Structure formats: structure tokens, C-alpha cells
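A.B. asks: First residue of the sequence shown? That's 9 in the numbering used here, and the numbers climb one at a time after it.
Note that beta-carbon positions come from the ideal geometry of N, C-alpha and C, so glycine has one too.
Quick caveat: nothing in here was measured; it's all calculated off a predicted structure.
The structure follows.
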Amino acid sequence: MEKGLKPNESHSREAERGENKGVVFAKDAEGEKSKRKRYLTAKYDRKTRHKITEKIRVENFMFEGLRKLYHTDVDDYDCDIDLDEVRNITSDADKKTYLKEKLINCPATCDEVTQFIDNILKQLR
9 MEKGLKPNES HSREAERGEN KGVVFAKDAE GEKSKRKRYL TAKYDRKTRH
59 KITEKIRVEN FMFEGLRKLY HTDVDDYDCD IDLDEVRNIT SDADKKTYLK
109 EKLINCPATC DEVTQFIDNI LKQLR
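Here's what the structure looks like:
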């Protein structure tokens with residue numbers, strides 16, 4: 009600091025001289041546009057990402073089917089099916105029983121419910 013100046017005066021004088029002691033980031037350079045787009049948040053390998061994507065696809069399929077069974081456009085049904093729990097059940101008969109118990113209050117016909125359960129089990133294979 010220079011003699012006889014207050015701390016704020018020193019800072020303003022540095023600014024007048026054009027000194028920039030902060031971090032400066034370069035804007036998009038033309039060379040960077042040609043580079044491949046990279047995702048900094050990717051923390052899973054390809055196989056794990058595929059499994060996650062597949063799980064999300066099956067869950068979306070299930071939610072769409074539940075909306076049809078409950079005749080609604082939003083997810084306001086009283087059915088809570090955990091697909092991980094269904095996957096952990098060993099036999100298909102037990103899986104069907106579990107899903108039928110979850111869909112006991114469904115306003116759809118028995119045939120529609122059975123078709124939905126069969127489709128979910130196909131998706132889980």
C-alpha cells in the first residue's frame with residue numbers, strides 16, 4: 009500500500025491503473041467449439057448409465073400404465089409399486105400376487121389389470 013492512503017483509496021488507484029488481480033475466464037474460443045462436448049458431472053461408467061436409463065424407462069412405462077388404469081392424466085393414484093421390490097421377488101407367480109395386491113383398489117377391469125401386470129413383468133425381464 010502506498011503511504012498516506014487509506015485502504016479503499018489504494019484499491020481504487022489499482023483499479024485506475026487497470027490492474028486486475030481477480031480470476032478471468034476466457035469466453036468461448038473458436039477452437040473450443042470444434043471440440044467434443046464433455047459432461048463434467050458424469051460419474052458412472054457406460055454399463056451403469058445403461059442400467060439407470062433402463063430402470064427409468066421401465067418406471068416411466070409403469071407410471072404411464074398406472075395413469076391409464078386409474079383414468080387420470082396426473083400421478084394422483086393411491087398405488088405405490090416399488091419396482092426394486094418386484095425385482096427382488098424370485099418367482100413370477102409371487103410377483104403377480106404382489107402387483108395384484110397393490111392394484112386392489114384400481115378402478116380398471118380385471119383384464120386391464122392383468123394385462124398391465126403382464127406388460128410390467130415383460131419389461132422387467
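1. Find out if the Cβ-Cβ distance for the pair Ile-112, Met-70 is shorter than 7 Å.
2. Rounded to the nearest angstrom, what separates Lys-108 and Leu-74 at their Cα positions?
3. Please name the residue, chosen from Lys-110, Ile-97, Asp-90, that lies closest to Val-66 on a Cα-to-Cα basis.
4. Can you tell me the Cα-Cα spacing of Asp-53 and Glu-72, whole angstroms?
5. In this structure, how does DSSP classify His-58 when only helix, strand and coil are distinguished?
6. By a C-beta neighbour count over all protein chains shown, 10 Å radius and 16 as the cutoff for buried, is Val-82 buried or exposed?
7. Can you grab the Cα-Cα spacing for the pair Leu-77 / Lys-59, in whole Å?
8. Taking the alpha-carbon positions, what's the Asp-92 to Asp-126 distance?
9. Taking Lys-104 as the reference, give the member of Tyr-85, Ala-116, Leu-132, Asp-86 with the closest Cα.
10. Taking 7 Å as the threshold (C-beta atoms), are Ile-97 and Tyr-106 in contact?
C.D. replies: Let me lay it out:
1. Within the sequence shown, numbered from 1, the residue matching residue 112 stands at position 104. Within the sequence shown, numbered from 1, the residue matching residue 70 stands at position 62. Result no, Cβ atoms of Ile-112 and Met-70 do not sit closer than 7 Å.
2. Locating residue 108 in the sequence shown gives position 100, where the first residue counts as 1. Locating residue 74 in the sequence shown gives position 66, where the first residue counts as 1. Approximately 13 Å between the Cα atoms of the pair.
3. Here residue 66 refers to the residue found at position 58 when the sequence shown is read from its first residue. When each option's Cα is compared against that of Val-66, the closest is Asp-90.
4. The sequence position of residue 53 within the sequence shown is 45, counting from 1. The sequence position of residue 72 within the sequence shown is 64, counting from 1. For Asp-53 and Glu-72, the distance between alpha carbons rounds to 29 Å.
5. Translated into the one-based positions of the sequence shown, residue 58 becomes position 50. In the structure shown, His-58 sits in a helix (DSSP, three-state: H, G or I).
6. Numbered from its first residue, the sequence shown carries residue 82 at position 74. With fewer than 16 Cβ atoms within 10 Å of its Cβ, Val-82 is classed as exposed.
7. Here residue 77 refers to the residue found at position 69 when the sequence shown is read from its first residue. Here residue 59 refers to the residue found at position 51 when the sequence shown is read from its first residue. Near 27 Å, if we compare the C-alpha coordinates of Lys-59 and Leu-77.
8. Indexing the sequence shown from 1 puts residue 92 at position 84. Indexing the sequence shown from 1 puts residue 126 at position 118. Using only the alpha carbons, I get a separation of about 17 Å.
9. For the purposes of this step, residue 104 is taken as residue 96 along the sequence shown, with counting starting at 1. Comparing Cα-Cα distances from Lys-104 to each of Tyr-85, Ala-116, Leu-132, Asp-86, the minimum goes to Leu-132.
10. Here residue 106 refers to the residue found at position 98 when the sequence shown is read from its first residue. Here residue 97 refers to the residue found at position 89 when the sequence shown is read from its first residue. Cβ distance < 7 Å, so Tyr-106 and Ile-97 count as in contact.
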